[in-house]
Each structure stands twice: as C-alpha cells, then as structure tokens.
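Enquirer: Going line by line, the protein sequences match chains G and R. Mind the numbering: the first sequence is residues 1 to 463 in the working numbering, read in order. Mind the numbering: the second sequence is residues 1001 to 1185 in the working numbering, read in order.
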Amino acid sequence: MKYKSQSVAKLYFIAAIALFVAQILFGLIMGLQYVVGDFLFPTIPFNVARMVHTNTLIIWLLMAFMGAAYYLIPEEAETELFAPWLATLMFWIFLAAAGATVAGYLLFSYSDLAELTMNELLPTMGREFLEQPTITKIGIVVVVLAFLFNIGMTILKGRKTSINLIMLLGLVGLAVFFLFSFYNPVNVVRDKFYWWWVVHLWVEGVWELILGAMLAFVLIKVTGVDREVIEKWLYIVIAMVLITGLIGTGHHFYWIGTPDWWQWWGSIFSAMEPIPFFMMTVFAFNMVHKRRREHPNKVATLWALGTAVMAFLGAGVWGFLHTLSPVNYYTHGTQITAAHGHMAFYGAYVMISLAMISYAMPLLRGRNAANPAKSQVLEMWSFWLMTVSMVFITLFLTGAGILQSYLQRVSDNPMPFMVVQEQINLFYWLREIAGLVFLIGLVLYVASFFVGQNEPEAVVADR
Amino acid sequence: MRYPPGDLAIWIFILAELVVFAAFFAAYAFTRMNNVELFNEFQQQLDQRAALINTLALITSSYFVVRAVSAIREDNRRHCVVWLLAALAMGALFLIVKMGEYQHHFIVEGVSLSTNTFYMFYISLTFFHFMHVIMGMVILAAVVVMAAKGKYSAAEHTGVETGASYWHMVDLLWLIIFPLVYVMR
Chain G
1 MKYKSQSVAK LYFIAAIALF VAQILFGLIM GLQYVVGDFL FPTIPFNVAR
51 MVHTNTLIIW LLMAFMGAAY YLIPEEAETE LFAPWLATLM FWIFLAAAGA
101 TVAGYLLFSY SDLAELTMNE LLPTMGREFL EQPTITKIGI VVVVLAFLFN
151 IGMTILKGRK TSINLIMLLG LVGLAVFFLF SFYNPVNVVR DKFYWWWVVH
201 LWVEGVWELI LGAMLAFVLI KVTGVDREVI EKWLYIVIAM VLITGLIGTG
251 HHFYWIGTPD WWQWWGSIFS AMEPIPFFMM TVFAFNMVHK RRREHPNKVA
301 TLWALGTAVM AFLGAGVWGF LHTLSPVNYY THGTQITAAH GHMAFYGAYV
351 MISLAMISYA MPLLRGRNAA NPAKSQVLEM WSFWLMTVSM VFITLFLTGA
401 GILQSYLQRV SDNPMPFMVV QEQINLFYWL REIAGLVFLI GLVLYVASFF
451 VGQNEPEAVV ADR
Chain R
1001 MRYPPGDLAI WIFILAELVV FAAFFAAYAF TRMNNVELFN EFQQQLDQRA
1051 ALINTLALIT SSYFVVRAVS AIREDNRRHC VVWLLAALAM GALFLIVKMG
1101 EYQHHFIVEG VSLSTNTFYM FYISLTFFHF MHVIMGMVIL AAVVVMAAKG
1151 KYSAAEHTGV ETGASYWHMV DLLWLIIFPL VYVMR
C-alpha cells in the first residue's frame, strides 16, 4: 500500500466478502426449494430467497468495485484519495442501506415493504433484480455520486493513466445506466426495453470496462510487464466490448414486442460478444507468460488468470449458446439462462473482485507483498473448489435447460412447465450438491484470511 | 520493414471487426437466397451512382493514405500531413454523399429498418460502415495532429501505419458492400 487513504478499501472488501457469504447461503436455500418446494416456507419463500440471492450479489460486487476503485485509483494517480472521510462515510451509509433492504425483504411481505417505503410516490419496485425500495435506489445514487466525485477529484489532481480513465468511464456508465431503474413506463414493452438498459448495459457493457481496468491493474502489478503494452490491450478489449456489447443489448429484445429487425441486430452483434472475452484470455496469459518478475502473491495471479478463462467460458461461450434468436426462441428463460448467469457472474465479476481483493488485501493488512505460503495454499484450494463446483453447477443447469427446452417447447407433445420441472429434478439435486461444494470453497476462502497469520510472508527472487 | 505494418494491436482489432462484418455479409447472403425477388426489386431503388462516387472516394482516399505513409518513410512530414488531410477530405465526401442517400431514403421515401428485410440489411450494413468511416476519420485526424506536431519520422512512424491499416480496412469493407448490396443481382 503506497498511500494511506487506500486503506478505506479494506472496509469495502470485508463487507463484500460478508455479503458474498450471505448470497451463497440464500442460493443454497433456493436451490433446495427447487426440489423441496416448502423448505423454510413461509418464513423465507422462494421469491424472497431469490431476491436476496441476486440483490446481495449485485450489492457485494458494487462494494468490491468501489473498494477496488478506492485502492487502485490513488495508486495509479500517485496521490492520496481526495476525501477519505467521505469514502468511509459512504461505506457505512451503503452498508446500512443494504442491510436495511435485505432485512426489509426478510421481515415484510414485498407489498407491505412497498407500502412502508412509500413506493407509490415514485414507483420503481417490482422489477426483477431492481426490486430495491425506491428509497434504497436513491441511497445508491447518492453513494455512487459521492463515490464518483471522490475518485474523479483524485484522478483530476493526480497522474492520469489509461487504467484510471477506463475505470472511471466504467463507473460513470454504471451510475448513468442505473438511472433507468427510476424510469418505469406503463407500457410493458417500454418497461422491459429500458429495464435491460440497466441490466444488460451493466453486465455486458460498462461493468466490462471495470473488469478490464481491474484486470489490467492486477496484471501490471503481478507481472511487471510494461504499462504501455497492457494499456494497448486494454483499449482494444474495451473498443470491442463497446462495439459488440452496446448493440448486443438487442438479444434481449427478441420477444418483448420490439420491431423484428432486433432479431438480426441482436443476433449478429451479441454473437460477437465472446470476442473481447477471448481477447482478455489471450491478453492475461500473454502478460503472465511475458512476466518480468516472479511476484510472491501467486494466488492473485491465479485469480486473474481464472477470471480471464471463466469469463470467456461463462459470459462468452455460454452466452453464445442461446444468443441467436432462432435458438433463443426455444431456450428463452429456461435453465440455460440460469446456467449462463451463474458462470458469467462468477467468471467475470466474482473472480475479478476476488483477484483484486487477493492482491490488495495482504498489502492493506500491512504485508510487504503477499500472504504467507500457508494462507495462499488454502486460498488456492478455495479457488479450485469454487471454480470447479461452479463448472458443475453450470453443466447441471445446462443439462436441465436442454431437457426443459426439449420437453416443454420442442417435442411433439410439449409438457406443462411444472410437469417438466419434475422431470429435471435430478439435475436440481446435483446442482445443490455442487452448490454445497462451492460453500466449502467459500468457507476455506474466508478461513484463508485467518490462517498462518504469524508466519513469514512468501517471497520469490526476481527473475 | 516490420510485418505487419503498424501496431500489432490494430491488426487484432481489424480481424475482430472483419469477423463482425463477415457475420453480417453471411447473414445477408443467406437471407437473400430465400428472398431473391424482394432483394432484386428493392436493390433497384438504391442510388448506384452515389455508391459509385463513394467507391471512388474511398479508393482515392486509400491512395492518399499510401502516399502519406511513403512521405513519412522519406521523412517528409509536411507531405505526410497534406496527404492525410486529402484522405480526410475524401472521407468527408463519402459521408456527405452517404447522408444525401440516407436523406432520400429516410425522409423522402420514409424507409425504415422495419420496411422490409432488404432495407433492414441495407440500413444496418451501410450505417454500421458509415460509423466506421467516422471512426477511421477520427483515427486519421489523430495521426494528422501527431504528424503536425512532428512526432513521426522515417525511423519511427508506427502511428501513421496503424492509422493507415485501419483506414484500408474501412475501404476494403466498402469494396465488399458496394457490389454485395448495390450491384449484384
């Protein structure tokens, strides 16, 4: 850690990991509800478990991105954070808002929560992933604006690097597109259309810029490769992300009542979305191959390479599987989507967040470069357990999705939804088991922060 | 001389761009196969003369860019800048002619993406290319600024070659779009 104010990132990282644990627990609950329908009913109904599972994911990723920004932006800008106190204050506001929202989901029925938070004044609730009460959404806007102000001023007063600018561009985009969550037209087509401007343009647009910037930062640090080389790659990846990702939004517009040319635009552009992810994979491996130093933080490098591979598989390949409109005609909204969603979020955004945390946390905790070998080994175990189990979750859900598409939509005698669900029960059980393995991996991950504290840190001689 | 000319990164980008266009061309070809009559009928509505002017404009601009690269290889910065400006002028001509074409189709005829499949492809392909011409011009303009500042020389002019490579791609794509969309029956 070079600048004192970077230490604010630690708060964000710790909260992110705590919310990650909550996310996985609720994932396991709803995973079990797929097969044991009344599990924990009526205390935690399926829709609530699902809401908590998806919302905590988004919130903890935002926490991790903000933590990453507070860490990397001062370091890149070579100056202290503009207002560290503001970052700390915003953290507590954000955490309180997130905690209150989740508590609201769990303690009240959704309609009571809507009434309690006076949703009728500015109705924004009731849309998938954007279920947060309006007051929480306003809170998110306030926190993000203060955050952007803080990092923007830091960049202005310091060195301007490509990584910082792309990180900032991604985060500004995140804020801008979130504003569409306040736009809630009566027309259902328009409603869905703009809903995707938040959901798609986040994960397949501006978040990829954040991912690219974070990956580039970690790679510069662990490989020692020239900044110029890494930045050049970053620009190409970003250009490709924007070309394919922005118009690629069209792959969500196939069946919602938009003009039919979206079938072409959506299919062609989104079919190219794997390209930037593939470039990222080539980029990461190339940089590690060309490394000029052996960084003692092996596990951070592992996460960085992992994210490059898993993002390509999860977002790129699994996205491509069902992105063409003739295919999507059959697979739309089946477990294929769930399979893609799981691996893409894990590969692209969870892993890059963990890569960043893995790189920064030892430094934030006062180490010179890396954790002791013992804790790194444990973290590597958690890497493999979580990653392999996520591969299995994805494969099981893909199997479920293929069978579901066939039985429900392709076969000569299509079966009703619930009948099909019983047919694919086995896949759901297998997915739940894989989910338990993921939880074990996560427990080891958390444990890796506590083991080997008093041992000397890992060191490697320079090449 | 180094191969490929310019920055290796731009070549990866060019390849990726070509893949996107290739997908579009293939989609066009397969769709046309099933709708030959529709495509032939509405192809007649296009302004082939304007497209021909644009073809000549882009080929000429590519020639100018080649001259700019040879000028800088001979360490002639002033000529490099002048040839690049000439190429930019040809790019601007392309944009003006194209906008005239769009004005006729969109405003006079009231054509839109939803009119029919042929127009969907016509608009998508040419507009996507149109945006690339603008992008290419932005790149060339950046090269002009750098060249005018004296950042390039016979020894180091990667930037000029990089911009030139991208511009040639923009030209090449039009050389496929022109026969494919405007001429071939």
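Glycine included, every Cβ here is placed at the ideal spot set by N, Cα and C.
Can we count His1079/R as close to the ligand ATP, meaning its CB is less than 7 Å from some heavy atom?
Expert: Absence of the ligand ATP is noted for the structure shown, with no ligands found whatsoever.
Enquirer: 8 Å is my cut-off, CB to CB: does Lys290/G come that close to chain R?
Expert: As a first step, residue 290/G must be located in the first sequence, where it is residue number 290. No, no contact with chain R.
Enquirer: Would the beta-carbon of Tyr464/G fall within 8 Å of that of Lys221/G?
Expert: Since the first residue of chain G shown is 1 and the last is 463, residue 464/G is not available in this structure.
Enquirer: Which residues mark the beginning and the end of the alpha helix (DSSP H) in which Lys290/G is found?
Expert: Here the question's residue 290/G lines up with position 290 in the first sequence. That residue, Lys290/G, is in no alpha helix (DSSP H); it is neither H nor E in DSSP.
Enquirer: Answer yes or no: does any C-beta atom of chain R fall closer than 8 Å to that of Ala315/G?
Expert: Taking the first sequence and counting its residues from 1, the one referred to as residue 315/G is at position 315. Closer than 8 Å: no.
Enquirer: Looking at the unbroken alpha helix (DSSP H) that takes in Gly212/G, where does it start and where does it end?
Expert: For the purposes of this step, residue 212/G is taken as residue 212 along the first sequence, with counting starting at 1. Where Gly212/G is concerned, the enclosing alpha helix (DSSP H) stretches over Trp207 to Thr223.
Enquirer: By Cβ distance below 7 Å, which residues in the same chain neighbour Leu430/G in space, the five residues on each side in sequence not counted?
Expert: As a working mapping, residue 430/G is identified with position 430 in the first sequence. Cβ neighbours of Leu430/G beyond the five flanking positions: Phe396.
Enquirer: Which complete beta strand (DSSP E) runs does the segment 304 to 355 of chain G hold, if anything under 3 residues is left out?
Expert: Listed in chain order, there is nothing to give.
Enquirer: In terms of residue numbering, what span does the alpha helix (DSSP H) encompassing Ile256/G cover?
Expert: Taking the first sequence and counting its residues from 1, the one referred to as residue 256/G is at position 256. First-last for Ile256/G: undefined, no H or E at that position.
Enquirer: Report back the beta-carbon spacing between Arg1077/R and Ala1147/R to the nearest angstrom; my notes put them in contact at under 8 Å.
Expert: For the purposes of this step, residue 1077/R is taken as residue 77 along the second sequence, with counting starting at 1. For the purposes of this step, residue 1147/R is taken as residue 147 along the second sequence, with counting starting at 1. With 8 Å as the limit, Arg1077/R and Ala1147/R qualify as a contact, their Cβ atoms being about 6 Å apart.
Enquirer: Check whether the Cβ of Ile236/G lies closer than 8 Å to any Cβ atom in chain R.
Expert: Along the first sequence, read from residue 1 onward, the residue named residue 236/G stands at position 236. Yes, Ile236/G lies at the interface with chain R (some Cβ there is under 8 Å from its Cβ).
Enquirer: Any idea what DSSP makes of Ser270/G, helix, strand or coil?
Expert: Mapped onto the first sequence, residue 270/G falls at position 270. If DSSP states are grouped into helix, strand and coil, Ser270/G belongs with the helices.
Enquirer: Would you please state the rounded distance, in angstroms, between the beta carbons of Asn150/G and Leu81/G? I believe it to be under 8 Å.
Expert: As a position in the first sequence, residue 150/G is number 150, starting the count at 1. As a position in the first sequence, residue 81/G is number 81, starting the count at 1. Between Leu81/G and Asn150/G the Cβ distance is about 7 Å, and since that is below 8 Å, they are a contact.
Enquirer: Can you name the start and end residues of the alpha helix (DSSP H) that Gln33/G belongs to?
Expert: In the first sequence, counting from the first residue as 1, residue 33/G sits at position 33. Gln33/G -> alpha helix (DSSP H) spans Val8 to Val35.
Enquirer: Below 8 Å on the Cβ atoms is my contact criterion, and I expect Ala311/G with Phe277/G to pass it. Report the Cβ-Cβ distance as a whole number of Å.
Expert: Your numbering for residue 311/G matches position 311 in the first sequence. Your numbering for residue 277/G matches position 277 in the first sequence. That pair is a contact at about 5 Å.
Enquirer: So the candidates are Phe1121/R, Phe1094/R, Thr1158/R and Thr1126/R; which of them puts its Cα closest to the Cα of Ile1059/R?
Expert: Along the second sequence, read from residue 1 onward, the residue named residue 1059/R stands at position 59. When each option's Cα is compared against that of Ile1059/R, the closest is Phe1094/R.
Enquirer: Hey, does Ser1114/R have any beta-carbon neighbour from chain G nearer than 8 Å?
Expert: Taking the first residue of the second sequence as 1, we reach residue 1114/R at position 114. At least one chain G Cβ lies under 8 Å of Ser1114/R.
Enquirer: Can you tell me whether DSSP reads Ser1062/R as helix, strand or coil?
Expert: For the purposes of this step, residue 1062/R is taken as residue 62 along the second sequence, with counting starting at 1. Residue state, collapsed to three classes: helix.
Enquirer: How long is the line joining the alpha carbons of Leu1172/R and Val1019/R, rounded to whole angstroms?
Expert: Residue 1172/R sits at position 172 when you count from the first residue of the second sequence. Residue 1019/R sits at position 19 when you count from the first residue of the second sequence. C-alpha separation (whole angstroms): 13 Å.
Enquirer: What does the Cβ neighbour count give for Thr244/G, buried or exposed, with the cut at 16 atoms within 10 Å?
Expert: Reading the first sequence from its first residue, position 244 is the one you call residue 244/G. Buried, because 16 or more other Cβ atoms sit within 10 Å of the Cβ of Thr244/G.
Enquirer: Does Gly67/G come out as helix, strand or coil in the three-state DSSP assignment?
Expert: Here the question's residue 67/G lines up with position 67 in the first sequence. Three-state DSSP puts Gly67/G in a helix.
Enquirer: Decide yes or no for the touch test of the segment 206 to 213 of chain G against the segment 131 to 141 of chain G: beta carbon pairs closer than 8 Å, at least 3 of them.
Expert: Too few Cβ pairs lie closer than 8 Å, so no.
Enquirer: Determine, using beta carbons only, whether Met279/G comes closer than 8 Å to chain R.
Expert: Here the question's residue 279/G lines up with position 279 in the first sequence. Answer yes: the Cβ-Cβ gap between Met279/G and chain R drops below 8 Å somewhere.
Enquirer: Using three-state DSSP, classify Gly158/G as helix, strand or coil.
Expert: Indexing the first sequence from 1 puts residue 158/G at position 158. In the structure shown, Gly158/G sits in coil (DSSP, three-state: anything other than H, G, I, E or B).
Enquirer: Along the segment 141 to 167 of chain G, where does the CB come closer than 9 Å to a CB of chain R? Name the residues.
Expert: Listed by position, the residues of the segment 141 to 167 of chain G near chain R (Cβ gap below 9 Å) amount to none.
Enquirer: What does Lys232/G touch in chain R if you count any residue whose Cβ is under 8 Å from its own?
Expert: Walking along the first sequence from the start, residue 232/G turns up at place 232. Under the 8 Å cutoff, chain R gives Asp1007 and Ala1009.
Enquirer: Taking only the alpha-carbon atoms, compute the straight-line gap between Gln6/G and Val1111/R and give it to the nearest angstrom.
Expert: Numbered from its first residue, the first sequence carries residue 6/G at position 6. Numbered from its first residue, the second sequence carries residue 1111/R at position 111. Going by the C-alpha atoms only, they are around 56 Å apart.
Enquirer: Let me check understanding here. Comparing Cα to Cα, which of Leu62/G, Ala370/G and Glu75/G lies closest to Leu95/G?
Expert: Within the first sequence, residue 95/G is the residue found at index 95, counting from 1. Taking only the C-alpha atoms, the option nearest Leu95/G is Leu62/G.
Enquirer: Closest to Leu364/G by C-alpha separation, out of Gly67/G, Thr43/G and Val21/G, would be which residue?
Expert: By one-based count along the first sequence, residue 364/G stands at place 364. Leu364/G has its Cα closest to that of Gly67/G, out of Gly67/G, Thr43/G and Val21/G.
Enquirer: Could you pull out every residue in the same chain whose Cβ sits closer than 7 Å to the Cβ of Ile1123/R, ignoring the five residues on either side in sequence?
Expert: Numbered from 1 along the second sequence, position 123 holds the residue referred to as residue 1123/R. Excluding sequence neighbours, Ile1123/R sits near Leu1113.
Enquirer: Report the rounded CA-to-CA distance for Asn164/G versus Ala49/G, giving the unit in angstroms.
Expert: Walking along the first sequence from the start, residue 164/G turns up at place 164. Walking along the first sequence from the start, residue 49/G turns up at place 49. Taking the straight line from one Cα to the other gives about 37 Å.
Enquirer: Can you find a CB in chain R that lies within less than 8 Å of the CB of Trp264/G?
Expert: One-based indexing of the first sequence puts residue 264/G at position 264. So yes, Trp264/G belongs to the interface.
Enquirer: So, helix, strand or coil for Gly152/G, using DSSP?
Expert: In the first sequence, counting from the first residue as 1, residue 152/G sits at position 152. Three-state result, Gly152/G: helix.
Enquirer: What is the rounded straight-line gap between the Cα of Val241/G and the Cα of Leu201/G?
Expert: Translated into positions along the first sequence, residue 241/G becomes position 241. Translated into positions along the first sequence, residue 201/G becomes position 201. Spanning the two alpha carbons is a distance of roughly 11 Å.
Enquirer: Just the C-alpha distance for Glu294/G and Thr223/G, rounded to the nearest angstrom, thanks.
Expert: Position 294 of the first sequence, counted from the start, is the residue given in the question as residue 294/G. Position 223 of the first sequence, counted from the start, is the residue given in the question as residue 223/G. If you take the alpha carbons of Glu294/G and Thr223/G, they lie about 7 Å apart.
Enquirer: If you measure beta-carbon to beta-carbon, which residues of the segment 57 to 87 of chain G are closer than 9 Å to chain R?
Expert: Listed in sequence order: no entries.
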